[in-house]
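**Student:** Please find one structure pasted underneath; my questions will follow.
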Amino acid sequence: NRLGTPCIEATYYINQVLVGAGLRDQIRLISAGQTASGFDMLEKIALGADTVNAARSMMIALGCVQAKACNTNECPTGIATQNPARARAIDLKEKSERVKNFQRTTVHAFIELCGAMGFSNPSDLSPSDIISRFEGRATNFDQMFEPLIENQLHSDNIPNSYRDDWHKASAEYF
């Protein structure tokens, strides 16, 4: 049930393309996909996201039981419904506290991880700080994928890993 590039690789790739196209300072990158922990936030920020979105984890903090009935108007917890009788099941005071506590704890874990890595500011994170297993060995993202320099995609020095996509791109789509 997946289509496209996985979120982590896509975040890195799109950030690099924006740098290579000379557009990074004009466009903000939001990374969303399986964000549930401080490490998930750290990874996406280090790979180039300006901000991170968490959907499923927030729904679970709200009390979602993943009954997969969101589109039926019969959500058993009342979270995903327009039915007033079902919606009454939500205790807004309790649920808002749960969501607030989850968000606070997740952001705290993110900041703690940054500090443990020796960073006083999350903006100091970079792709080289994220180690992953690639082709059987531990390596960082800048070693797995070729980083671009500003405006490199407008030069004759386009790396092979970007060349085909860049030449197929147009103002209407990419």
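Taking this note's numbering, the leading residue of the sequence shown gets 491, the next gets one more, and so forth.
Note that CB positions come from ideal geometry on N, CA and C, so glycine has one too.
The structure displayed is predicted, hence computed values, not measured ones.
1. For Asn563 and Ala526, I'd like the C-alpha separation in whole angstroms.
2. In the structure shown, what three-state DSSP assignment does Asn543 receive?
3. What residue range does the alpha helix (DSSP H) around Phe592 cover?
4. Let's see if you can read the secondary structure: which residues bound the beta strand (DSSP E) around Ser521?
5. For Ala575, which of helix, strand or coil comes out of DSSP?
6. So, with DSSP's three-state summary, where would you put Arg653?
7. Report yes if the C-beta of Ser645 is less than 7 Å from at least one heavy atom of the ligand COA; otherwise report no.
8. Less than 8 Å between the C-beta atoms of Pro637 and Gln506, yes or no?
9. Please classify Pro574 as buried or exposed, where buried requires at least 16 other C-beta atoms within 10 Å of its C-beta.
10. Report the three-state DSSP secondary structure of Ala500 (helix, strand or coil).
11. Grab me the residues of Ala579's own chain with a C-beta within less than 6 Å of its C-beta, minus the 5 sequence neighbours each way, in chain order.
12. At which residues does the beta strand (DSSP E) containing Ile535 begin and terminate?
**Tutor:** A quick look at the data gives this:
1. CA-CA distance, Asn563 to Ala526, rounds to 26 Å.
2. Strand, per DSSP.
3. Leu582 to Ala606
4. Ile520 to Ala522
5. helix
6. helix
7. By its list of ligands, the structure shown contains no ligand whatsoever, and the ligand COA lies outside what it can speak to.
8. yes
9. Exposed, by the Cβ-count rule.
10. helix
11. Gly568
12. Per DSSP, Ile535 belongs to no beta strand (DSSP E); it is in the alpha helix (DSSP H), Gly528 to Ala536.
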